[in-house]
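Here the protein sequences come in this chain order: U and S. Using my numbering, the first residue of the first sequence is number 5, and each one after it goes up by one. Using my numbering, the first residue of the second sequence is number 5, and each one after it goes up by one. Just so you know, even glycine gets a beta-carbon here, dropped at the ideal spot from N, CA and C. Only one structure is covered here, and it is reproduced in the block below.
2 protein chains.
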Amino acid sequence: MPRSGEDARRRLQQAALELYQERGFDQTTTAQIAARAGVNERTFFRHFPDKREVLFAGEADLRAALVQEVADAPDGLQPLDVLLCAFRKAGRILEDNRPFSEPRLEIIARTPALRERDLAKGASLTEALAQALRERDVPARLADLAAQTGWATFHHAAQAWIDDPSRKLDAHLLQAFDDLRALSATA
Amino acid sequence: MPRSGEDARRRLQQAALELYQERGFDQTTTAQIAARAGVNERTFFRHFPDKREVLFAGEADLRAALVQEVADAPDGLQPLDVLLCAFRKAGRILEDNRPFSEPRLEIIARTPALRERDLAKGASLTEALAQALRERDVPARLADLAAQTGWATFHHAAQAWIDDPSRKLDAHLLQAFDDLRALSATA
Chain U
5 MPRSGEDARR RLQQAALELY QERGFDQTTT AQIAARAGVN ERTFFRHFPD
55 KREVLFAGEA DLRAALVQEV ADAPDGLQPL DVLLCAFRKA GRILEDNRPF
105 SEPRLEIIAR TPALRERDLA KGASLTEALA QALRERDVPA RLADLAAQTG
155 WATFHHAAQA WIDDPSRKLD AHLLQAFDDL RALSATA
Chain S
5 MPRSGEDARR RLQQAALELY QERGFDQTTT AQIAARAGVN ERTFFRHFPD
55 KREVLFAGEA DLRAALVQEV ADAPDGLQPL DVLLCAFRKA GRILEDNRPF
105 SEPRLEIIAR TPALRERDLA KGASLTEALA QALRERDVPA RLADLAAQTG
155 WATFHHAAQA WIDDPSRKLD AHLLQAFDDL RALSATA
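Below you can see the structure in the form of structure tokens.
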């Protein structure tokens, strides 16, 4: 995509985020998003299929990054450590992008239509992680369980980061995986 | 609701399940479900708001049962053990109801619109479980993490039960929580 296309795309994402914060997701139209971004509505639909997807445009990148990190993790790591390793690297992208990712997560949390989409994306991402673990020769049953519980732990850490911005996402991630270990050890 | 109302409700659920299996969820109309159940379409909408909800009618009962089991679990149990205890009791209902619950889970797994609804119900149920754990004086952070990872483990076990019906759901649940412990111990 040419540079001007990338610029329009970013302006559309920023405009959508601002409008969802100001007046709520349900009250915002694609025409309003396009107007604030200074483009016409056709340009909006050239970049995004609907007003939900504006907030999930980074999903494919996140998924590709996570799958790659799982493949690249050092040999000999246990499945949950492989995932923690991948989540920490992906977490840096979220952290560096905090001015966008924090309000984004807040809007998703309070908008049912966006939460449904987010959950569906999470389920699909969990399957991709399980597949990536199987390709490291983790048995299918453990790969699936590790992906499901690992993703649940990542999700919990991301929410904790939104609720308590005084610590970095990375600190919340380490804490969450430590907590999971403690919870499981005593069970 | 009078007995005849309960009968109609059960017949509608059975008819919907059969039709979703035979021709798929998207190709089935509420009129067809009503016809097979031997009632008119108005009766369908007296019992269910839409054709997705027919498959989630037991959700409120499951939620109430799980929350009650968490409250009733013996003192001194650790959070994940409290949840395992609750899941095992709820699992008996699914097991006893296998002729309905097995095809139901299969249809959900292969129908995107139903998976979205199922994920949303799961997220809401996870919040109810976290709340029930907090009422047992589990600190909020651990209650949330235990509920999220515990629910992910239950979900994994239910899928394993669908894939491998030679063992009871209870055996899959015990296996899944054992596996989680093993995964976390080595992490």
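query                                                                                                                                               : result
Neighbourhood of residue 6 of chain S by C-beta, 6 angstroms cutoff - its chain only, sequence neighbours within 5 removed                          : Reliability of the predicted coordinates at residue 6 of chain S is poor, the pLDDT of 47 falling under 50, and the value obtained from them is presented with this limitation in mind. For residue 6 of chain S, where only same-chain residues beyond five positions count, there are no Cβ hits under 6 angstroms.
Classification of residue 169 of chain S by the beta-carbon crowding that lies within 10 angstroms, buried from 16 upward                           : exposed
Below-8 angstroms beta-carbon distance, residue 127 of chain S vs any chain U residue                                                               : yes
Partners in chain S for residue 183 of chain U, counting only beta-carbon separations shorter than 9 angstroms                                      : 145, 146, 149, 150
Cutoff 8 angstroms: residue 120 of chain U Cβ touching any chain S Cβ                                                                               : yes
Other residues of its chain near residue 20 of chain S: CB distance less than 6 angstroms, five sequence neighbours each side excluded              : 37, 58
Integer-rounded CB distance, given that residue 35 of chain U should sit under 8 angstroms from residue 12 of chain U                               : Not quite, the Cβ-Cβ distance comes to about 15 angstroms (not below 8 angstroms), so this is no contact.
Inter-residue Cα distance where the pair is residue 68 of chain U and residue 132 of chain U                                                        : 9 angstroms
Burial state of residue 77 of chain S (16 or more Cβ within 10 Å)                                                                                   : buried
Residue 156 of chain U Cβ short of 7 angstroms to the ligand FAD heavy atom set                                                                     : Among the ligands in the structure shown, none appear at all, so the ligand FAD cannot be discussed.
Three CB pairs or more closer than 8 angstroms across the stretch 136-154 of chain U and the stretch 46-56 of chain U                               : no
Interfacial residues, the stretch 151-162 of chain S to chain U, with Cβ spacing under 8 angstroms                                                  : 152, 153, 155, 156, 157, 159, 160
Delimiting residues of the alpha helix (DSSP H) encompassing residue 53 of chain S                                                                  : Segment: none, residue 53 of chain S is in no alpha helix (DSSP H) and carries neither H nor E.
Residue environment, residue 188 of chain U, which counts as buried when at least 16 other CB atoms sit within 10 Å                                 : buried
Contact under 8 angstroms by Cβ, residue 177 of chain S with residue 95 of chain S                                                                  : yes
Residue 211 of chain U (DSSP reduced to helix, strand or coil)                                                                                      : In this structure chain U extends from 5 to 191, so residue 211 of chain U is not present and cannot be described.
Same chain, Cβ closer than 6 angstroms to residue 180 of chain U, five either side skipped, listed in chain order                                   : 157, 160, 161
Cβ separation of residue 98 of chain S and residue 173 of chain S, assumed to be a contact under 8 angstroms, to the nearest whole Å                : 6 angstroms
Chain-order list of residues whose beta-carbon lies under 8 angstroms from that of residue 30 of chain S (same chain, five-residue window excluded) : 115, 117
Environment of residue 83 of chain U [buried if 16+ CB atoms lie within 10 Å]                                                                       : buried
Interface flag, residue 178 of chain S vs chain U, CB-CB below 8 angstroms                                                                          : no
Cβ distance (whole Å) where residue 130 of chain U is taken to contact residue 163 of chain U below 8 angstroms                                     : Actually they are not in contact, since the Cβ atoms of residue 130 of chain U and residue 163 of chain U sit about 17 angstroms apart, beyond 8 angstroms.
Neighbouring residues, chain U, relative to residue 170 of chain S (Cβ below 9 angstroms)                                                           : Within 9 angstroms Cβ-Cβ: nothing; residue 170 of chain S doesn't reach chain U, min ~14 angstroms.
Ranges of the alpha helix (DSSP H) found wholly within the stretch 113-168 of chain S, counting only runs of at least 4                             : 116-138, 144-167
Proximal residues, the stretch 93-117 of chain U versus chain S, C-beta separation under 8 angstroms                                                : 116
Residue range of the alpha helix (DSSP H) that includes residue 36 of chain S                                                                       : 34-41
C-beta atoms of residue 107 of chain U and residue 25 of chain U nearer than 8 angstroms                                                            : yes
Member of S:101, S:103, S:70, S:100 whose CA lies at the smallest distance from the CA of residue 91 of chain S                                     : S:70
Closest Cα partner of residue 55 of chain U within the set U:112, U:65, U:9                                                                         : U:112
Chain-ordered neighbours of residue 83 of chain S on chain U, where CB pairs are closer than 7 angstroms                                            : 187
Cutoff 8 angstroms: residue 1 of chain U Cβ touching any chain S Cβ                                                                                 : Any answer about residue 1 of chain U is impossible in this case: the structure gives chain U only from 5 up to 191.
Beta-carbon proximity check, residue 123 of chain S vs residue 123 of chain U, cutoff 8 angstroms                                                   : yes
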